[in-house]
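Written below as structure tokens is the structure these notes are about.
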Amino acid sequence: MKPWMYLVLAALVIAFGVAVVVVSRRRAERSIEAPSRPPAAPSPEAPQRGGTAVLEPDIVEPEVVAPPATLRERMARARSAFAGAFTGILGRSGITSETWDELEEALLRADVGIGVTTGLLDGLRADVKERSITEPAELLDALQGEMRQRLAGADRTLHFEPDEDATDGFSPNVWLFVGVNGVGKTTTIGKVAEQQRVAGRSVLMAAGDTFRAAAAEQLTTWAERAEAELVRGNEGGDPSAVVFDAVERAAARRIDLVLADTAGRLHTKTNLMEELRKVRRVAEKGAGRVTEVLLVIDATTGQNGLAQAREFGDATQVTGVVLTKLDGSAKGGIVFAIEIELGLPVKLVGIGETIGDLVPFEPDEFVGALFDV
Ligand code: GDP
Numbered sequence: 001m002k003p004w005m006y007l008v009l010a011a012l013v014i015a016f017g018v019a020v021v022v023v024s025r026r027r028a029e030r031s032i033e034a035p036s037r038p039p040a041a042p043s044p045e046a047p048q049r050g051g052t053a054v055l056e057p058d059i060v061e062p063e064v065v066a067p068p069a070t071l072r073e074r075m076a077r078a079r080s081a082f083a084g085a086f087t088g089i090l091g092r093s094g095i096t097s098e099t100w101d102e103l104e105e106a107l108l109r110a111d112v113g114i115g116v117t118t119g120l121l122d123g124l125r126a127d128v129k130e131r132s133i134t135e136p137a138e139l140l141d142a143l144q145g146e147m148r149q150r151l152a153g154a155d156r157t158l159h160f161e162p163d164e165d166a167t168d169g170f171s172p173n174v175w176l177f178v179g180v181n182g183v184g185k186t187t188t189i190g191k192v193a194e195q196q197r198v199a200g201r202s203v204l205m206a207a208g209d210t211f212r213a214a215a216a217e218q219l220t221t222w223a224e225r226a227e228a229e230l231v232r233g234n235e236g237g238d239p240s241a242v243v244f245d246a247v248e249r250a251a252a253r254r255i256d257l258v259l260a261d262t263a264g265r266l267h268t269k270t271n272l273m274e275e276l277r278k279v280r281r282v283a284e285k286g287a288g289r290v291t292e293v294l295l296v297i298d299a300t301t302g303q304n305g306l307a308q309a310r311e312f313g314d315a316t317q318v319t320g321v322v323l324t325k326l327d328g329s330a331k332g333g334i335v336f337a338i339e340i341e342l343g344l345p346v347k348l349v350g351i352g353e354t355i356g357d358l359v360p361f362e363p364d365e366f367v368g369a370l371f372d373v
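Structure, rendered in structure tokens:
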């Protein structure tokens with residue numbers, strides 16, 4: 001072979017080698033590529049450019065919806081009143097005299113009240129004996145059972161009587177809200193108005209708290225939020241007159257429900273309870289029917305609330321209790337005192353300051369939340 005032939009042969013061998021390497025690399029690359037998706041069909045909304053559908057990636061923003069607050073979540077402080085005692089009780093190997101002392105102390109600290117605490121613990125002792133309970137965890141279960149049983153059976157519905165036959169004039173339902181200043185009456189009326197509107201009823205608010213300058217203003221704001229009508233009077237005016245006008249207006253406009261705020265204090269020397277009795281009479285003087293008198297009690301005031309409940313209950317024929325500020329209270333035990341000592345059903349509980357922070361009172365959920373440590 002001539003020397004130039006060696007050169008040509010070498011060049012051919014090198015070219016062949018390079019070709020083999022390139023081809024095998026390409027194959028390897030293709031084999032590790034992710035399987036490609038079939039192209040998405042153009043959506044009708046896909047922007048068209050120059051007659052071509054431009055496929056934009058579908059970006060779906062996650063919907064941020066705050067879940068409604070639950071009683072359990074908002075009862076952290078009430079739960080904490082029991083938590084220490086429960087831990088101590090569960091830490092012992094059996095049921096001792098300290099166990100009973102600790103239970104009693106926890107119930108009193110939570111403002112269950114001495115009478116109801118004694119009753120609950122007597123019932124529990126009988127239960128322990130009858131069922132031969134020896135385990136601390138079983139004891140706490142039995143206490144839950146006692147508590148649930150004592151709250152069971154009450155009528156917690158908000159009474160509303162529809163005017164089926166309004167031929168001789170429409171008769172609105174009237175719900176009166178009573179209670180001392182600052183307990184949350186005005187706020188509760190706003191929340192109830194919203195719930196009733198959502199339930200399909202038309203609502204009118206009566207600003208019957210003419211003592212507090214800001215009360216009517218506050219109610220005006222709530223009326224706007226809850227899309228309710230409002231009747232207000234002059235500051236220092238006669239609360240009964242405001243309620244009377246409100247009922248007449250509701251009757252004329254065929255509004256289902258009047259929510260009437262009342263004063264917790266008065267300008268004049270007139271006795272507050274006398275005044276509330278008058279408000280109630282006047283609310284029924286014309287077309288109205290009082291179907292609920294709701295006593296609003298602040299849960300953070302504990303046993304003081306009970307004294308108020310007694311006084312208002314006697315004067316105004318209270319039909320149910322709204323327990324507000326349970327979210328900030330370590331004194332959830334007041335529920336037992338209200339229900340067992342006074343025989344008044346807790347119908348609603350306030351668990352915050354915004355319009356959705358009012359829930360129906362569910363005894364099972366409430367007791368469960370106290371024990372969920
Ligand atoms: P009124 O004087 O009885 O009409 O009481 P207000 O409605 O003016 O309420 C007094 C204060 O309690 C206000 O600051 C409310 O926002 C607050 N409040 C009412 N209900 C609740 C509740 O359920 N939880 C909390 N945390 N605050 C509440």
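Residues 1 to 373 (my numbering) make up the sequence shown, in order. Glycine residues also receive a C-beta, built at the ideal position from the N, C-alpha and C atoms. A quick note: this is a predicted structure, and the numbers were derived from the prediction, not measured.
9 Å Cβ cutoff met for residue i and residue j
| i | j | result |
| --- | --- | --- |
| ALA215 | ALA207 | yes |
| VAL282 | THR319 | no |
| VAL356 | GLU227 | Note on identity: in this sequence residue 356 is Gly, with Val being the wrong assignment. No, the pair does not count as a contact, with Cβ atoms beyond the cut-off. |
| THR301 | VAL116 | no |
| PHE173 | VAL258 | The amino acid occupying residue 173 in the given sequence is Asn; Phe does not appear at that position. Yes, the pair counts as a contact, with Cβ atoms nearer than the cut-off. |
| THR188 | GLY350 | yes |
| VAL367 | MET147 | yes |
| LYS278 | SER240 | yes |
| LEU120 | LEU140 | no |
| LEU323 | ALA250 | no |
| ALA126 | GLU105 | no |
| ALA110 | GLY333 | yes |
| GLU341 | LEU306 | yes |
| VAL335 | LEU71 | no |
Residue i - DSSP class collapsed to helix/strand/coil
| i | result |
| --- | --- |
| ALA154 | coil |
| ARG277 | helix |
| THR316 | helix |
| ALA110 | coil |
| THR354 | coil |
| PHE177 | strand |
| ALA76 | helix |
| THR324 | strand |
| ASN393 | Because the chain is modelled from 1 through 373, residue 393 falls outside the range shown and cannot be assessed. |
| SER171 | coil |
| GLY145 | helix |
| ALA53 | Its pLDDT being 39, under 50, ALA53 is placed unreliably by the model, and the measurement read from it follows with that caveat. Correct three-state label for ALA53: strand. |
| ALA330 | coil |
| THR117 | helix |
| ASP122 | helix |
| PRO162 | coil |
| THR96 | coil |
| THR87 | helix |
| GLU135 | coil |
Residue range of the unbroken beta strand (DSSP E) whose run includes residue i
| i | result |
| --- | --- |
| ALA260 | 257-262 |
| PRO360 | 358-360 |
| LEU294 | 289-298 |
| LEU230 | 229-232 |
Residue span of the alpha helix (DSSP H) that contains residue i, given as start and end
| i | result |
| --- | --- |
| GLY350 | Element bounds for GLY350: not the alpha helix (DSSP H) but the beta strand (DSSP E), 346-350. |
| ALA206 | Here ALA206 belongs to no alpha helix (DSSP H); instead the beta strand (DSSP E) covers 203-208. |
| VAL192 | 185-198 |
| GLU365 | 363-371 |
| PRO239 | 239-252 |
| GLU284 | Run containing GLU284: none; DSSP gives neither H nor E here. |
| THR221 | 213-225 |
Residue i, buried or exposed, once every other Cβ within 10 Å from all chains shown has been counted against 16
| i | result |
| --- | --- |
| ALA213 | exposed |
| LYS285 | exposed |
| SER329 | buried |
| LEU370 | buried |
| PRO363 | buried |
| ALA252 | exposed |
| GLY264 | buried |
| THR210 | buried |
| THR157 | exposed |
| GLY137 | Rather than Gly, the amino acid found at residue 137 in this sequence is Ala. By the neighbour-count rule (16 or more Cβ atoms within 10 Å), ALA137 is not buried but exposed. |
| SER171 | buried |
| PHE361 | buried |
| GLN317 | exposed |
| ASP261 | buried |
| ALA152 | exposed |
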